[in-house]
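K.L.:
Numbered as in the numbering used here, the sequence shown ends at 552 without a single skipped number. Sharing a structure with you now.
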Amino acid sequence: MIGRMRSGAIPVGIRIPSIRQLAKQEKVSISTVMAAYSILEEQGWVEVRPKSGYYVRRRAREPLAVPEASEVHSPPVIATTSQLVMAVQRDVLNPQTISFSRATPALDFPIVRHVQQTYTRLSRTRRHLGLGNSSAEGLYGLRQQIVRHAVYAGVSASPDNVVTTVGTMNAIGLCVRALTKPGDVVAVESPCYYGILQLIEANDLKAIEIPAHPETGMSLEALKLAMEQWPLKAVLTVSSFSNPLGCSIPEERKKGLVALLEQYQIPLIEDDVYGDLYFGKRRTCAVKAFDGQGLVFLCSSLSKTIDPQLRVGWIIAGRSYEEILHRKFVNMSSTPILPELVCADILGQGVYERHLRQAREAYWQRYLRLVDLVSEYFPHVTKISRPQGGIVAWLELPRGVDTTELYHYCRERDVLIAPGEMFSFNKQYRHCFRINYAPRWTPERENAIQRLGRWVTERVTGLV
Ligand SMILES: Cc1ncc(COP(=O)(O)O)c(C=O)c1O
89 MIGRMRSGAI PVGIRIPSIR QLAKQEKVSI STVMAAYSIL EEQGWVEVRP KSGYYVRRRA
149 REPLAVPEAS EVHSPPVIAT TSQLVMAVQR DVLNPQTISF SRATPALDFP IVRHVQQTYT
209 RLSRTRRHLG LGNSSAEGLY GLRQQIVRHA VYAGVSASPD NVVTTVGTMN AIGLCVRALT
269 KPGDVVAVES PCYYGILQLI EANDLKAIEI PAHPETGMSL EALKLAMEQW PLKAVLTVSS
329 FSNPLGCSIP EERKKGLVAL LEQYQIPLIE DDVYGDLYFG KRRTCAVKAF DGQGLVFLCS
389 SLSKTIDPQL RVGWIIAGRS YEEILHRKFV NMSSTPILPE LVCADILGQG VYERHLRQAR
449 EAYWQRYLRL VDLVSEYFPH VTKISRPQGG IVAWLELPRG VDTTELYHYC RERDVLIAPG
509 EMFSFNKQYR HCFRINYAPR WTPERENAIQ RLGRWVTERV TGLV
């Protein structure tokens, strides 16, 4: 069947026989066909559409490989990539550019309009000005909705454990400041979301980079070694659908992670900002779900599921609730109430769940399209991650290709990527880069990927 799909005899988009039909036709057992179809699916030849069947997905090439797990076990380091990071942040302000560089969600879902209408309605009908100072904890109604929603991630908490924040980065920053002091050592996954690395740098901390497997996330074995060797003050991880790999720590390993935290009494700052954007059948539990001792600080926001402009986030805190609250108070006194009223209203309605279902399906399809485009236009040595959720993919090129140079070259031609250098203090990902696949594919975006593929090919060919 692969041969016929490759030659185009079975075209892309065609439904192939159901498991039952093929078993009957070929006179083999159902389980044999099921095993064969799951290989086809794994290799990217077919996709399953719920309640519909198996469809041909790609024909041109063998599937691209998945990036390698990093092997580096770093000593604690302080380093700086801040100029590059700030340049990448600023680039997207140029309306000429086609951006794949920042992890922004698609902003063309109906929920965005709903947010606008809710703002208008609530700013007219609810008092949010003239109330004097609000409490440092944040709006009670929002904290109620946050704990109600956290149940899907297996987390049971009370609104009294929650502090609202101005997005996830603010939440992580408050936890970092409550749990560490300058010079302390913390562990992060590698590759690591550059915002977290920048936060570590800005707080004068040292980071140990723990290799992350492209499918199962942070290595617990390496983390244990680091815990034995260094006086770690905290661990930071994007536990479900990491940025940039899109991998998720399986639930069994999340339990194992909590056991390690308990053994060494080290807190975990868990960034769960992508947790609701899963491609599987159900939401995976957060690490916080297995935390019996208050060691896990779950940080999240609506920045990836709705819009980063909302700037509404939260911490479901562990032990140091009062310390975090005090940090928030000295930083900003309290968070603005109107965005919190709007988010409480939206989380309290079915509209948010409906939106998530729509976003998850759209992001999955857009990722599949990215894989098709990369298969078609990039050299076949390119490796691409298989995210289990979220909105970003990680591409790995042969060592020797410099993606920081590639970034500058693309930028001059109005195409933006996030170079791998930003995702580590150890410069170990200079042959990798990250792509955001969330926005709808347009002819312009597809053409930009085609051009990017040409520039990558020129560099890969130049290596030999
Ligand atoms: C893993 C991760 N955490 C946090 C953030 C920032 O979230 P927020 O906009 O809510 O501060 C991002 C944005 O890219 C991210 O990828």
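All C-beta atoms, glycine included, are put in the ideal place defined by N, C-alpha and C. This structure is a prediction, so every number in the text was calculated from the model and none was measured.
Using the Cα positions of Val254 and Gly226, report the straight-line distance between them to the nearest angstrom.
P.N.:
Taking the first residue of the sequence shown as position 1, residue 254 is located at position 166. Taking the first residue of the sequence shown as position 1, residue 226 is located at position 138. If I take the Cα positions, the gap works out to 10 Å.
K.L.:
For Ser211 and Arg201, what's the separation of their Cα atoms in angstroms?
P.N.:
Taking the first residue of the sequence shown as position 1, residue 211 is located at position 123. Taking the first residue of the sequence shown as position 1, residue 201 is located at position 113. Distance between the alpha carbons of Ser211 and Arg201: 15 Å.
K.L.:
Give a single yes or no on whether Val251 has its beta carbon closer than 8 Å to a heavy atom of ligand 1.
P.N.:
Taking the sequence shown and counting its residues from 1, one reaches residue 251 at position 163. False, no ligand heavy atom lies under 8 Å from that Cβ.
K.L.:
Which value, in whole angstroms, describes the spacing of the CA atoms of Val469 and Gly132?
P.N.:
As a first step, residue 469 is located in the sequence shown; it is residue number 381 there, counting from the start. As a first step, residue 132 is located in the sequence shown; it is residue number 44 there, counting from the start. Cα to Cα, Val469 sits roughly 16 Å from Gly132.
K.L.:
Going by beta carbon distance, what residues of the same chain come within less than 8 Å of Arg265, once the five residues before and after it are set aside?
P.N.:
As a position in the sequence shown, residue 265 is number 177, starting the count at 1. Hits under 8 Å: Asn291, Arg415.
K.L.:
State buried or exposed for Gly271, treating a residue as buried only when at least 16 other CB atoms are found within 10 Å of its CB.
P.N.:
On the sequence shown, residue 271 is found 183 positions in, with the first residue counted as 1. Its Cβ having fewer than 16 others within 10 Å, Gly271 is exposed.
K.L.:
Looking only at its chain, what residues have a beta carbon closer than 7 Å to the beta carbon of Ala153, apart from the 5 residues adjacent to it on each side?
P.N.:
Taking the first residue of the sequence shown as 1, we reach residue 153 at position 65. Counting only Cβ-Cβ distances below 7 Å, and skipping sequence neighbours, we find Lys471.
K.L.:
Inspect the beta-carbon positions of Ala224 and Ser421 and report whether they are closer than 9 Å.
P.N.:
Working through the sequence shown from its first residue, we reach residue 224 at position 136. Working through the sequence shown from its first residue, we reach residue 421 at position 333. One thing to note: Ala224 has its Cβ within 9 Å of the Cβ of Ser421.
K.L.:
Can you grab the Cα-Cα spacing for the pair Tyr240 / Glu500, in whole Å?
P.N.:
By one-based count along the sequence shown, residue 240 stands at place 152. By one-based count along the sequence shown, residue 500 stands at place 412. Spanning the two alpha carbons is a distance of roughly 44 Å.
K.L.:
Shorter than 8 Å, the distance from the beta carbon of Pro396 to the closest heavy atom of ligand 1, or not?
P.N.:
Translated into the one-based positions of the sequence shown, residue 396 becomes position 308. Yes, since a heavy atom of ligand 1 falls inside the 8 Å radius drawn around the Cβ of Pro396.
K.L.:
Can you pull the DSSP bridge partners for Leu504?
P.N.:
In the sequence shown, counting from the first residue as 1, residue 504 sits at position 416. Note: Leu504 sits in a beta bridge opposite Ser187.
K.L.:
Is Glu534 helix, strand or coil when you go by DSSP?
P.N.:
As a working note, residue 534 is residue 446 in the sequence shown. In the structure shown, Glu534 sits in a helix (DSSP, three-state: H, G or I).
K.L.:
Could you check if Tyr451 belongs to the surroundings of ligand 3, using beta carbon to heavy atom distance under 8 Å?
P.N.:
Because ligand 3 does not appear in the structure shown, any question about it cannot be addressed here, the ligands present being ligand 1.
K.L.:
State yes or no: is the C-beta of Leu386 within less than 9 Å of the C-beta of Glu358?
P.N.:
Residue numbering aside, residue 386 sits at position 298 when the sequence shown is read from its first letter. Residue numbering aside, residue 358 sits at position 270 when the sequence shown is read from its first letter. Cβ atoms of Leu386 and Glu358: closer than 9 Å.
K.L.:
In whole angstroms, what is the alpha-carbon distance linking Glu339 and Leu383?
P.N.:
As a first step, residue 339 is located in the sequence shown; it is residue number 251 there, counting from the start. As a first step, residue 383 is located in the sequence shown; it is residue number 295 there, counting from the start. Distance between the alpha carbons of Glu339 and Leu383 is about 17 Å.
K.L.:
Just checking Ala191 against ligand 1 - is the residue's beta carbon closer than 8 Å to any of the ligand's heavy atoms?
P.N.:
Counting from one through the sequence shown, the residue named residue 191 turns up at place 103. Yes, the beta carbon of Ala191 sits closer than 8 Å to at least one heavy atom of ligand 1.
K.L.:
Throw me the rounded Cβ distance for the Arg518 and Glu509 pair, which I believe falls under 8 Å.
P.N.:
Here residue 518 is taken as the residue at index 430 of the sequence shown, counted from 1. Here residue 509 is taken as the residue at index 421 of the sequence shown, counted from 1. Rounded to the nearest angstrom, the Cβ distance from Arg518 to Glu509 is 5 Å, consistent with a contact under 8 Å.
K.L.:
Cα-Cα, which of Gly242, Met122, Val418, Tyr142 is closest to Ile102?
P.N.:
Indexing the sequence shown from 1 puts residue 102 at position 14. If we check each option's Cα against that of Ile102, Tyr142 comes out closest.
K.L.:
Got a sec, what are the start and stop residues for the beta strand (DSSP E) Ser278 sits in?
P.N.:
Taking the sequence shown and counting its residues from 1, one reaches residue 278 at position 190. First-last of the beta strand (DSSP E) with Ser278: 273-278.
K.L.:
Work out the CA separation of Pro302 and Cys378 for me, nearest whole Å.
P.N.:
Indexing the sequence shown from 1 puts residue 378 at position 290. Indexing the sequence shown from 1 puts residue 302 at position 214. Here residue 378 turns out to be Phe, not Cys, going by the sequence shown. Cα-Cα distance, rounded: 23 Å.
K.L.:
CB-CB under 6 Å to Ile104, same chain, minus the five flanking residues each way: which ones, in chain order?
P.N.:
Taking the sequence shown and counting its residues from 1, one reaches residue 104 at position 16. The residues are Tyr142.
K.L.:
Using CA atoms only, rank isn't needed, just tell me which of Leu324, Ala450, Pro486 is closest to Lys376.
P.N.:
Reading the sequence shown from its first residue, position 288 is the one you call residue 376. Of the listed residues, the one whose Cα sits closest to Lys376 is Leu324.
K.L.:
Mind checking whether Asp360 and Ala374 have CB atoms under 9 Å apart?
P.N.:
Position 272 of the sequence shown, counted from the first residue, corresponds to residue 360. Position 286 of the sequence shown, counted from the first residue, corresponds to residue 374. For Asp360 and Ala374, yes; Cβs fall inside 9 Å.
K.L.:
According to DSSP, is His553 helix, strand or coil?
P.N.:
In the structure as shown, the chain begins at 89 and stops at 552. Residue 553 is therefore absent and cannot be evaluated.
K.L.:
Let's test the definition: count the other Cβ atoms within 10 Å of the Cβ of Pro183 and tell me whether it reaches 16, buried, or not, exposed.
P.N.:
Position 95 of the sequence shown holds residue 183. When all chains shown are included, Pro183 counts as exposed.
K.L.:
Taking just the CA atoms, how far does Ile296 sit from His556?
P.N.:
A question about residue 556 goes unanswered here, because the residues of the chain that appear run from 89 up to 552.
K.L.:
Only counting the same chain, and skipping five residues up and downstream in sequence, which positions put a Cβ closer than 7 Å to that of Val548?
P.N.:
The residue you call residue 548 lines up with position 460 of the sequence shown. Here the set comprises Pro467, Val469, Leu485, Pro486, Val489.
K.L.:
DSSP on Leu195, reduced to helix/strand/coil?
P.N.:
By 1-based counting over the sequence shown, the position of residue 195 is 107. In the three-state reduction of the DSSP assignment, Leu195 falls in the coil class, being assigned neither a helical nor a strand state.
K.L.:
Closer than 8 Å to a non-hydrogen atom of ligand 1 - does that hold for the CB of Ser170?
P.N.:
By 1-based counting over the sequence shown, the position of residue 170 is 82. No.
K.L.:
Grouping DSSP H, G and I as helix and E and B as strand, with all else coil, what is Asp379?
P.N.:
Locating residue 379 in the sequence shown gives position 291, where the first residue counts as 1. In this structure, Asp379 counts as coil in the three-state DSSP scheme.
K.L.:
Heavy atom of ligand 1 less than 8 Å from the Cβ of Ile284, yes or no?
P.N.:
Along the sequence shown, read from residue 1 onward, the residue named residue 284 stands at position 196. Yes, the Cβ of Ile284 comes within 8 Å of a heavy atom of ligand 1.
K.L.:
If you draw a straight line from the alpha carbon of Lys269 to that of Phe513, how long is it in whole angstroms?
P.N.:
If you number the sequence shown from 1, residue 269 lands on position 181. If you number the sequence shown from 1, residue 513 lands on position 425. Near 20 Å, if we compare the C-alpha coordinates of Phe513 and Lys269.
K.L.:
How far does the alpha helix (DSSP H) with Ala295 in it reach, from first residue to last?
P.N.:
Working through the sequence shown from its first residue, we reach residue 295 at position 207. Not the alpha helix (DSSP H): Ala295 falls in the beta strand (DSSP E), residues 294-301.
K.L.:
Specify the secondary structure class of Ala526 as computed by DSSP and reduced to three states.
P.N.:
By one-based count along the sequence shown, residue 526 stands at place 438. Reduced to three states, the DSSP call for Ala526 is coil.
K.L.:
For Glu350, which residues of its own chain have a beta-carbon under 7 Å away from its beta-carbon, when the five flanking residues on both sides are left out?
P.N.:
By one-based count along the sequence shown, residue 350 stands at place 262. Residues of the same chain with a CB within less than 7 Å of the CB of Glu350, apart from the 5 flanking positions on each side, are Gln381, Leu383 in chain order.
K.L.:
Is the CB-CB distance between Leu456 and Gly541 below 9 Å?
P.N.:
As a position in the sequence shown, residue 456 is number 368, starting the count at 1. As a position in the sequence shown, residue 541 is number 453, starting the count at 1. Not a contact, by the Cβ cut-off of 9 Å.
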